[in-house]
Structure formats: C-alpha cells, structure tokens
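Residue numbering for the sequence shown follows the working numbering, starting at 1138 and increasing by one per position.
Every residue, glycine too, gets a C-beta built ideally from N, C-alpha and C.
Worksheet for the structure shown next.
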Amino acid sequence: MPSDRSLRRLRVAAIALCACVTCSVFGAPATASPGHAARPVQDGGGSSDLKEQYDEVVGEEAELLDQLDEAQAASKEASDRLKALQADTKAAQLELLAAREALDEAEAVLDLRLDLRRQAEKRVEAAQERLRDQIVASYVAGGSDDSLLEAVLSAGDNEQVGQALAYGRAVSGSTESLVERLDEARAAEANAAKEARLARSRASDA
C-alpha cells in the first residue's frame, strides 16, 4: 500500500503535469513574424496525448486515494478490535484473580473446619474413654450388674449410655458429669462436621 509521502509526491507530479497540459492545450499560439502569414499549428496529436496522460494520472490518483481510504478504514477497524480484545483480556484476568482469591479463602476456611472437626472427634474419644474408665472403676469397686458394664461399654452414643445407666440404677455424680461432657463433645463434633461439609461445598463451587 503506498505511503502518505508517495501520495503527496504523486499529487505534486499530477498538479505539475496538469499545469503543463493546460499551458499546451489552452495557451495562445505564437505571433507570426512580420511579412509572413500565420500558419495553423500542426501538433501532430500532441495535445490529445497530453490530455490522455492527464486523465490517466488523475484516474490513478483517484484510485490511490480510494485505496488509502480503505487502508485507513481497515487500520481503524483493526485498532478497535485490538482495544476490544485488550479490554476483554483485562476483564478476564480480573475475574480469574477474583476467583483465585475466593478459592484460596474457601480452602482456608475448609482447612480450619476440618481441623476443628478433628479436635471435636478427639474430645469425643477422650470423653468416651473417661466415661468407660469411670464405669469400669465403679463396677470393680462394688458393682454387681454385668449387664450394666456390657451395655455401657457397647454403647454407641450418649443416649444409649444414658439408657444403660438408668437401667442399672447405679449412676454416680461423677459419671453423670462425664456423660454430660460426652454429650457436649458429640454435639460439637456434629456441628464441626456440618461446618466442614459446608466449607468443602463452598470450596468446590469457588
């Protein structure tokens, strides 16, 4: 595609050529010398050739100007498209950054919830062990109901332990306190497990 400098040079050449053609075609004929009759100018078709050259140059210039307009329009379209792509890319980068931050935050919450759940599970296990130790110690110290010991040792949750103790009518004050602690520990474990599930779900959705 011709540059702007080439087009300017072409325009100057065309203007100069037009001036020459104008002078050649429309200029006044030379004055006849004294004593000689004026003779018709015989140009041999030179004016016609210059006129054709002029028309050709004008046509080429018009074509070049059209090509220049098309090139400028294409350049503007490409520039606008590039700007749009850059804007989309920036928006996508910001969205990706926000998603990454949300994922990191969700994973941090998940790790915290899982840690709390593990701590709650350990407290439940410790409470169960203390309760069983208390029941066994009470039985060894004077208990006589084998079914009570078996029921307590095989109990899976606080409700079953309470039923076993009520059935045996041999619950001491310290044992009741251990049962309450076990109940609290299991409630905390259940809540921690629920929070961990929610945190895992949020981390998956992030």
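**OP:** For my contact list, R1267 and A1329 are in at a C-beta cut-off of 8 Å; report their separation, rounded to the angstrom.
**Re:** By 1-based counting over the sequence shown, the position of residue 1267 is 130. By 1-based counting over the sequence shown, the position of residue 1329 is 192. About 20 Å separates the two Cβ atoms, so there is no contact after all.
**OP:** Grab me the residues of R1339's own chain with a C-beta within less than 6 Å of its C-beta, minus the 5 sequence neighbours each way, in chain order.
**Re:** For the purposes of this step, residue 1339 is identified with residue 202 of the sequence shown, where counting begins at 1. Around R1339: A1243.
Original post:
Q1204 to T1226, Cα distance in whole Å?
Top reply: Within the sequence shown, the letter at position 67 stands for residue 1204. Within the sequence shown, the letter at position 89 stands for residue 1226. When only Cα atoms are considered, Q1204 and T1226 end up about 32 Å apart.
**OP:** Measure the beta-carbon distance from A1336 to L1234 and round it to whole angstroms, keeping in mind my assumption that it falls under 8 Å.
**Re:** Counted from its first residue, the sequence shown places residue 1336 at position 199. Counted from its first residue, the sequence shown places residue 1234 at position 97. Wrong, their Cβ atoms sit about 22 Å apart, outside the cutoff.
Original post:
Mind checking A1236: buried by the 16 CB within 10 Å criterion, or exposed?
Top reply: Stepping through the sequence shown from its first residue, residue 1236 is reached at position 99. Burial call: exposed.
Subject >> Neighbourhood of A1264 by C-beta, 6 Å cutoff - its chain only, sequence neighbours within 5 removed >> reply: Numbered from its first residue, the sequence shown carries residue 1264 at position 127. For A1264, where only same-chain residues beyond five positions count, the Cβ hits under 6 Å are R1318, L1319 and A1322.
**OP:** Evaluate A1333 with the Cβ neighbour count: other Cβ atoms within 10 Å of its Cβ, from every protein chain shown; 16 or more gives buried, anything less gives exposed.
**Re:** Locating residue 1333 in the sequence shown gives position 196, where the first residue counts as 1. A residue is called buried when at least 16 other Cβ atoms come within 10 angstroms of its Cβ; A1333 meets this threshold and is buried.
**OP:** Taking the CB atoms as reference points, tell me whether E1326 and V1261 lie closer together than 8 Å.
**Re:** Stepping through the sequence shown from its first residue, residue 1326 is reached at position 189. Stepping through the sequence shown from its first residue, residue 1261 is reached at position 124. Yes. Within cutoff.
**OP:** Enumerate in chain order the residues of its own chain whose CB-to-CB distance from A1257 is below 6 Å, with the five nearest sequence positions on each side excluded.
**Re:** Mapped onto the sequence shown, residue 1257 falls at position 120. The answer, listed in chain order, is A1325, E1326 and A1329.
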